[in-house]
Amino acid sequence: MAAWTRKDLLSLEELSKEELLLLLDQAKAFKEISLRPIKKVPALRGRTVALCFLEPSTRTRASFELAAKRLSADLLSFQGNSSSITKGESVVDTARNIEAMRVDVIVLRHNTSGTPAQVAHAVKASIINAGDGSHEHPTQGLIDLFTIQEKKGRIEGLNVVIVGDILHSRVARSDLWGLMKLGAKVTLCGPPTLVPSAMEQLGAKISYRLDDVLPKADVVIALRLQLERQQEKYIPSFREYTRLYGIDSDRLKKAKPDLTIMHPGPVNRGLELSSEVADGPQSVILDQVTNGIAVRMAALYLVAGIHPADEEPVSEPGRIDLPVREKQVR
Amino acid sequence: MKSVILDAEGVRRAFIRIAHEILERHRIIENIALVGIRSRGVFLAQRLAANLKELTGKAVLVGALDITLYRDDLSMLAANPIIRATEIPFDLTGKQVIIVDDVLFTGRTIRAAMDALIDLGRPEAIELAVLIDRGHRELPIRADYIGKNVPTARQELVQVRLTEIDHAEEVTLGEKL
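Sequence order for the protein chains is A and B. In this text, residue positions in the first sequence follow the working numbering: the first is 27, and each later residue adds one. In this text, residue positions in the second sequence follow the working numbering: the first is 1273, and each later residue adds one.
This is the structure:
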């Protein structure tokens, strides 16, 4: 199996198929640890992981925290509202200060696309992107790949429908890259205002009618409708959204009986999924949460193993590397 | 320059003898659990279990242990090694665990294995069975069952090849490249 050579985990777009498979394979080995009575291994003993969440997050932060603790790493936690960011310090400066405390891995969430990449260039510590703007959320993408692999036994050749607010979703971007590299057929579905037609160029099919694509789907990933966006009038009303794109038991009758239903959480019950479906036998939403810890343990373990030589960072300070895709999407 | 220390027949005989030695020490075979260290220790543990079954008609528990996460040199390696699955589908608490590995050298692998086992439960006792003991211990560890003692120089390379993964069955001693 190919060895891991990256200091950082910034996106699934940049990973090869072999690197994705390595991450999934390692996550499988780490999942077993979470089933033991003593859920801890000394792999990152004496190493320090900083969780730097400059945008609100509960479950991703909790998941990374548990993953780091189960690897015996020491933890440092920063949150947006309490950090010096509110005092006007730039993210790169914050990251350099964290690094000066001899931190080995920085898990970074930021509301601007490309920030983790920019920070990764400026510091020697490993950076894991925990969600940047509408760019990517690589560990959530890996969780979805891992869960599909676990439930379906394969990814190649499956019909996967991602339904909802594709436009603003970093999860959709990571899912799309990961699924396509591993050979799944991906359909992006949602109201035309929320599904950028340019994403067809990336190899996905686009559909505006869930009822057209649901019958052939093996997996549906429903995305959270971000209620705070409603004011921007992307959709006429929640009721209309639910009628066209919500999944309830009636709509499920048109789907394959072994359809797997996923959601990155938190679910708006009655909006994207009815409670009956969210809690039903086809839903693997809680498996996604469980698998999150294994996937993040694998990511932390692999990036922490790469020690860049003691040389100056490759790029000059302040250089901004915005991901190219960002422009195409808008 | 490579010399063969054990051929296929030698390996087979060594493990039959070890099975007899285990039975001499353990009256209650039901309480034994063989835990092989990945990779080659797992195959040796399975062979030992087959030998014990032939002698007693009873199946013993067999597990596989990956010690990577417990290595004491993890932070010194260029990249973290790939983890393979630990499969111990039974409770170790109260068991007489016998760790099985191919070569006993510095003892560091066995130290890691003992730490890993104790995180999984509380065995009543832990013993060690190895195919080759080549000396040069760096920790106070010794084997309870030894296929063959081989005096070696530190820089020499002991290579165990098993049909299960190597398409050959022999143990060789050669100069390190």
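The beta carbon of each residue, even a glycine, is placed where N, CA and C say it ideally should be.
- By a beta-carbon distance limit of 8 Å, Leu168 (chain A) contacts Leu49 (chain A). Their separation comes to about 6 Å.
- DSSP assignment within the stretch 296-336 of chain A yields no whole beta strand (DSSP E) run of 3 residues or more.
- Taking CB atoms only, Leu101 (chain A) has no neighbour in chain B less than 8 Å away.
- Fewer than three Cβ pairs drawn from the stretch 1418-1430 of chain B and the stretch 1385-1394 of chain B lie within less than 8 Å of each other, which leaves the two stretches out of contact.
- Between Arg250 (chain A) and Pro290 (chain A) a beta carbon distance of about 7 Å is seen, short of the 8 Å cut, so the two are scored as contacting.
- Within the stretch 1363-1429 of chain B, the complete alpha helix (DSSP H) segments at least 4 residues long are 1380-1392, listed from N- to C-terminus.
- Not a single C-beta of chain B is nearer than 8 Å to the C-beta of Thr165 (chain A).
- With a minimum length of 4 residues, the unbroken runs of alpha helix (DSSP H) contained wholly in the stretch 129-166 of chain A fall at 141-148.
- For the 8 Å CB-CB criterion, Cys215 (chain A) and Val197 (chain A) do not form a contact.
- Judged by their CB atoms, Val1432 (chain B) and Pro1395 (chain B) are not nearer to each other than the 8 Å cut-off.
- Put simply, the CB of Arg1356 (chain B) is near chain A, with a gap under 8 Å to one of its CB atoms.
- For Gln105 (chain A), the enclosing beta strand (DSSP E) covers residues 100-105.
- Under the 8 Å criterion on CB atoms, Leu168 (chain A) is classed as non-interfacial with respect to chain B.
- Under the Cβ criterion of 8 Å, Leu1346 (chain B) is counted among the residues facing chain A.
- Beyond the five residues adjoining it in sequence on each side, Ala121 (chain A) comes within less than 7 Å, by CB distance, of Ile132, Val145, Ala148, Val149 in the same chain, given in chain order.
- Residue state for Ile1339 (chain B) is assigned as coil, using DSSP reduced to three classes.
- Assignment of Arg1284 (chain B) by DSSP, reduced to helix, strand and coil, places it in the helix class.
- Apart from sequence neighbours up to five positions away, the residues of its chain that approach Thr1381 (chain B) with a beta-carbon distance below 7 Å are Ile1309, Ile1339, Asp1373, ordered along the chain.
- In the structure shown, the three-state DSSP call for Gly204 (chain A) is helix.
- Within chain A, the C-beta atoms nearer than 9 Å to that of Ala1351 (chain B) come from Ala29, Trp30, Thr31, Leu328, Gly331, Ile332, His333, in chain order.
- Any Cβ of chain A closer than 8 Å to the Cβ of Asp1391 (chain B) would place that residue at the interface, and such an atom is present.
- For Val133 (chain A), the closest Cβ of chain B is not nearer than 8 Å.
- Sixteen is the threshold: when 16 or more other Cβ atoms of the shown chains lie within 10 Å of the Cβ of His136 (chain A), as they do, the residue is buried.
- About 6 Å separates the CB atoms of Arg322 (chain A) and Thr165 (chain A); that is less than 8 Å, so the two are in contact.
- Contact of Glu254 (chain A) with chain B is not assigned, every C-beta pair being separated by 8 Å or more.
- A distance below 6 Å between beta-carbons, with the five flanking residues on each side excluded, links Asp158 (chain A) to the following residues of its chain, in chain order: His136, Ser139, Thr141, Pro142.
- DSSP places Gln227 (chain A) in the helix class (H, G or I) of the three-state scheme.
- Shown here, Ala121 (chain A) sits in a helix according to DSSP, grouped into three states.
- Excluding five sequence positions before and after Ala330 (chain A), the CB atoms of its chain that fall closer than 7 Å to its own CB belong to Leu70, Arg73, Asp130, Val131, Ser152, given in chain order.
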